[in-house]
Amino acid sequence: MILRLLLILAFASSALYAQEDGQDWDVRLTQVSGEVMVFVSGEDAEGIPAAADMPLQEGDRVVTGEGASAEISLGGEHVISLRERSDFTLVSPRRSQTLLSLALGTLLGKLQALAAGQALSVRTPTAVASVRGTEFGVEFDSDAGQTYVAVFDEGEVAVQSEAGGQIETLRSNQETRVARAQPPLPAYHLRRLRPRREYMRHQLRPRLATLRRGWRQLPPAERMRLRRETIDRMKQKRREQFEQRRQMKDRRPLPPVRRKPRPDQEKMEKFREEIMRRRRQQKQ
Numbered sequence: 001m002i003l004r005l006l007l008i009l010a011f012a013s014s015a016l017y018a019q020e021d022g023q024d025w026d027v028r029l030t031q032v033s034g035e036v037m038v039f040v041s042g043e044d045a046e047g048i049p050a051a052a053d054m055p056l057q058e059g060d061r062v063v064t065g066e067g068a069s070a071e072i073s074l075g076g077e078h079v080i081s082l083r084e085r086s087d088f089t090l091v092s093p094r095r096s097q098t099l100l101s102l103a104l105g106t107l108l109g110k111l112q113a114l115a116a117g118q119a120l121s122v123r124t125p126t127a128v129a130s131v132r133g134t135e136f137g138v139e140f141d142s143d144a145g146q147t148y149v150a151v152f153d154e155g156e157v158a159v160q161s162e163a164g165g166q167i168e169t170l171r172s173n174q175e176t177r178v179a180r181a182q183p184p185l186p187a188y189h190l191r192r193l194r195p196r197r198e199y200m201r202h203q204l205r206p207r208l209a210t211l212r213r214g215w216r217q218l219p220p221a222e223r224m225r226l227r228r229e230t231i232d233r234m235k236q237k238r239r240e241q242f243e244q245r246r247q248m249k250d251r252r253p254l255p256p257v258r259r260k261p262r263p264d265q266e267k268m269e270k271f272r273e274e275i276m277r278r279r280r281q282q283k284q
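Numbering (my numbering) for the sequence shown: 1 to 284.
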């Protein structure tokens, strides 16, 4: 227990230092809709309900349920939208090499142009997409074991297999597909992710403009305090939800006791079954 506490404190101190010297993005959950869980790095393995404005740190995992979605902002300059049934991990919040992982589902990104010395990549089980432009989408289909990467109206993304090798560069309204241990297909016109383009145009673009206008950079100490308070509050909410479910289960009426049929009822049931059996034989 003591060792675990020391590890958590060491991790928090490292994160605080990185934020103080401006190495890391101020990453926060900015919107939550439906059932969204956060698996907090360095905490217990059981997830907590997500909450808007919760600061995220390296190693945090966000999972969206059926019909749910979550929005993540990097310093108010970039916005990431996780669609339903998605599994996302903030691998590295470093400005110099931001790394996001998508193990399942769909991720849409609207970015400002990256400054010199900044880089952002999205990793899936089969591909790595290095984002050089501003509007992109990544989807991993776990059933087919394939990754789809697209650029919408503007931007540029370099895509390659998770094993490295050949690079395919996507530009405006282009898409590619990457199967496991295979190079990306030559760029083709938007297909799989085309329906997401309207969401990009009418939701994410204005959303990023709103975030940029209202964003307030949190001092590192305030950010850590807000994160701790949110985690504790959501853990309490999780306990309350568990208790409510337990009480509802306890109040659930027991199934009615099925009495043994009387001899005459049993005889009638056997007779009915015999009639049905004969009818089936006649049909044959």
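Note that CB positions come from ideal geometry on N, CA and C, so glycine has one too.
List the residues that DSSP assigns as beta-bridge partners of residue i.
{"i": "A127", "result": "S161"}
{"i": "G105", "result": "F140"}
{"i": "R94", "result": "D24"}
{"i": "P49", "result": "M37"}
{"i": "L100", "result": "L90 and V122"}
{"i": "S177", "result": "In the sequence under discussion, the amino acid at residue 177 is Arg, which differs from the Ser named in the question. Answer is Y148, bridged to R177."}
Roughly how many angstroms separate the alpha carbons of residue i and residue j, rounded to a whole number?
{"i": "V178", "j": "E154", "result": "21 Å"}
{"i": "G42", "j": "R61", "result": "11 Å"}
{"i": "R252", "j": "F242", "result": "16 Å"}
{"i": "D250", "j": "R239", "result": "17 Å"}
{"i": "V38", "j": "Q31", "result": "13 Å"}
{"i": "A187", "j": "D44", "result": "42 Å"}
{"i": "A103", "j": "Q247", "result": "35 Å"}
{"i": "L111", "j": "P256", "result": "59 Å"}
{"i": "L193", "j": "V149", "result": "8 Å"}
{"i": "P206", "j": "P220", "result": "28 Å"}
{"i": "H78", "j": "G109", "result": "8 Å"}
{"i": "G145", "j": "A127", "result": "11 Å"}
{"i": "R123", "j": "R225", "result": "30 Å"}
{"i": "E135", "j": "M200", "result": "8 Å"}
{"i": "D143", "j": "E222", "result": "42 Å"}
{"i": "S121", "j": "E229", "result": "30 Å"}
{"i": "P184", "j": "P125", "result": "13 Å"}
{"i": "L107", "j": "L204", "result": "12 Å"}
{"i": "D141", "j": "L99", "result": "20 Å"}
{"i": "A158", "j": "L90", "result": "20 Å"}
{"i": "S96", "j": "P195", "result": "32 Å"}
Would the beta-carbon of residue i fall within 9 Å of that of residue j?
{"i": "S81", "j": "S92", "result": "no"}
{"i": "S130", "j": "A115", "result": "no"}
{"i": "R171", "j": "G137", "result": "no"}
{"i": "E321", "j": "G34", "result": "Residue 321 cannot be examined here, being either before or after the span of the chain that is shown, 1 to 284."}
{"i": "E156", "j": "T169", "result": "yes"}
Using the rule of at least 16 other Cβ atoms within 10 Å of the residue's Cβ for burial, across every protein chain shown, is residue i buried or exposed?
{"i": "K237", "result": "exposed"}
{"i": "H189", "result": "exposed"}
{"i": "D53", "result": "exposed"}
{"i": "L6", "result": "With a pLDDT of only 44 at L6, under the threshold of 50, the placement of this residue in the model should not be trusted; the figure read from the coordinates follows. That one is exposed."}
{"i": "T210", "result": "exposed"}
{"i": "M234", "result": "buried"}
{"i": "G105", "result": "buried"}
{"i": "A50", "result": "buried"}
{"i": "Q57", "result": "buried"}
{"i": "D232", "result": "exposed"}
{"i": "E274", "result": "exposed"}
{"i": "G117", "result": "exposed"}
{"i": "S73", "result": "buried"}
{"i": "S86", "result": "buried"}
{"i": "R227", "result": "buried"}
{"i": "R28", "result": "buried"}
Since residue i contacts residue j with CB under 8 Å, what's their CB separation in whole angstroms?
{"i": "Q174", "j": "Q166", "result": "Not quite, the Cβ-Cβ distance comes to about 16 Å (not below 8 Å), so this is no contact."}
{"i": "F152", "j": "R197", "result": "5 Å"}
{"i": "G65", "j": "V36", "result": "7 Å"}
{"i": "D26", "j": "G75", "result": "5 Å"}
So is residue i in contact with chain C if we call contact Cβ pairs under 9 Å?
{"i": "T106", "result": "This model lacks chain C altogether; it includes just one protein chain."}
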